[in-house]
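Asker: Numbering-wise (this note's numbering), the sequence shown opens with residue 186 and increments by one. From the three backbone atoms N, C-alpha and C, an ideal C-beta is built for every residue, glycine too. Would you mind keeping the following structure in view while I ask a few things?
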Amino acid sequence: MKELSVFARCRGIPAREVARREGLVLRPRGSRHWALCPLHGEKTPSLMFDEQGRWHCFGCGRGGDAVALLSALRGISPLEAARQLAGEGPQHKADPRPAGRAQALKLKARADAWYAARWEAACREKLEAEALQEALTPGTPAFWQALARQSLAETRLDALMALGPRDRVHAALTQETPSTS
Ligand SMILES: [Zn+2]
Numbered sequence: 186m187k188e189l190s191v192f193a194r195c196r197g198i199p200a201r202e203v204a205r206r207e208g209l210v211l212r213p214r215g216s217r218h219w220a221l222c223p224l225h226g227e228k229t230p231s232l233m234f235d236e237q238g239r240w241h242c243f244g245c246g247r248g249g250d251a252v253a254l255l256s257a258l259r260g261i262s263p264l265e266a267a268r269q270l271a272g273e274g275p276q277h278k279a280d281p282r283p284a285g286r287a288q289a290l291k292l293k294a295r296a297d298a299w300y301a302a303r304w305e306a307a308c309r310e311k312l313e314a315e316a317l318q319e320a321l322t323p324g325t326p327a328f329w330q331a332l333a334r335q336s337l338a339e340t341r342l343d344a345l346m347a348l349g350p351r352d353r354v355h356a357a358l359t360q361e362t363p364s365t366s
């Protein structure tokens, strides 16, 4: 559980901040920043930093949050990277113990609620589509439509299942309707 709180303390740190500290040269383009990727060696920048504080390299396909970046750049484990980040980050200086923890719990609750709502909606859609198929004559256009609805719902369920805890928080923050914070 101690490890979790270390990762939680790193959540507010944007990956581009880590990139700067590690000496990468960032160039703004639109709302994003770009840099030469030191992980795979290149001449044109394909390492992208987005507004949400995450990074993705279109050259080598690696990406993630600030912890993943520090881990990749220094060749250390994510846990070690998180410890270093939590120790160095601006959040730490402000002593985040009570506020940071409450904030992390609040974020997790939002992510869980977001996930549960999405999951429920996709399940409902899948069940409805299956019931429709039972009632319809196989081979009719309406039947195929119901089948398509079912497979779409299953794709959504698969995508939801693939989300890790941090992805859920990220998705909840970017996809839920704002103003609940
Ligand atoms: Zn790369």
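In whole angstroms, give me the CA-to-CA distance for residue 260 and residue 239.
Answerer: So the alpha carbons of these two residues sit roughly 18 Å apart.
Asker: Taking all protein chains shown into account, do 16 or more other C-beta atoms lie within 10 angstroms of the C-beta of residue 329, making it buried, or fewer, making it exposed?
Answerer: Result: exposed.
Asker: Nearer than 7 Å: is that true of the beta carbon of residue 247 relative to any heavy atom of ligand 1?
Answerer: Yes.
Asker: Measuring only from the beta carbon, is residue 238 closer than 7 Å to any heavy atom that is part of ligand 1?
Answerer: No, the beta carbon of residue 238 sits no closer than 7 Å to any heavy atom of ligand 1.
Asker: Would you report the Cα separation of residue 349 and residue 313, rounded to the nearest angstrom?
Answerer: Going from the Cα of residue 349 to the Cα of residue 313 covers about 27 Å.
Asker: Which of the three DSSP states is assigned to residue 249 in this structure?
Answerer: Strand at residue 249.
Asker: Pull up the CB-CB distance for residue 234 and residue 206, whole angstroms please, since I reckon it's below 8 Å.
Answerer: Residue 234 to residue 206, Cβ: 13 Å. No contact.
Asker: Is it the case that the segment 288-304 contacts the segment 218-225, given that we only count it when at least three CB pairs across the two stretches are under 8 Å?
Answerer: No, because fewer than three Cβ pairs between the segment 218-225 and the segment 288-304 fall closer than 8 Å, the two stretches do not touch.
Asker: Can you say whether residue 335 is buried or exposed, counting buried as having 16 or more other CB atoms within 10 angstroms of its CB?
Answerer: Buried.
Asker: Taking just the CA atoms, how far does residue 215 sit from residue 244?
Answerer: For residue 244 and residue 215, the distance between alpha carbons rounds to 20 Å.
Asker: Looking at residue 197 and ligand 1, is the gap between the Cβ and the nearest heavy atom below 7 Å?
Answerer: Result no, Cβ not under 7 Å from ligand 1.
Asker: According to the Cβ coordinates, are residue 200 and residue 254 closer than 8 Å?
Answerer: Cβ distance < 8 Å, so residue 200 and residue 254 count as in contact.
Asker: Who does residue 240 pair with in a DSSP beta bridge?
Answerer: Paired residues: 234 and 249.
Asker: Any chance the CB of residue 222 is under 7 Å from a heavy atom of ligand 1?
Answerer: Residue 222: yes, Cβ under 7 Å from ligand 1.
Asker: Would the segment 285-300 and the segment 350-358 be scored as touching if the rule is three or more Cβ pairs under 8 Å?
Answerer: They touch, by the three-pair rule.
Asker: Return the chain-ordered ranges of every alpha helix (DSSP H) run that is complete within the segment 188-217 and spans a minimum of 4 residues.
Answerer: Here the runs fully enclosed are 200-206.
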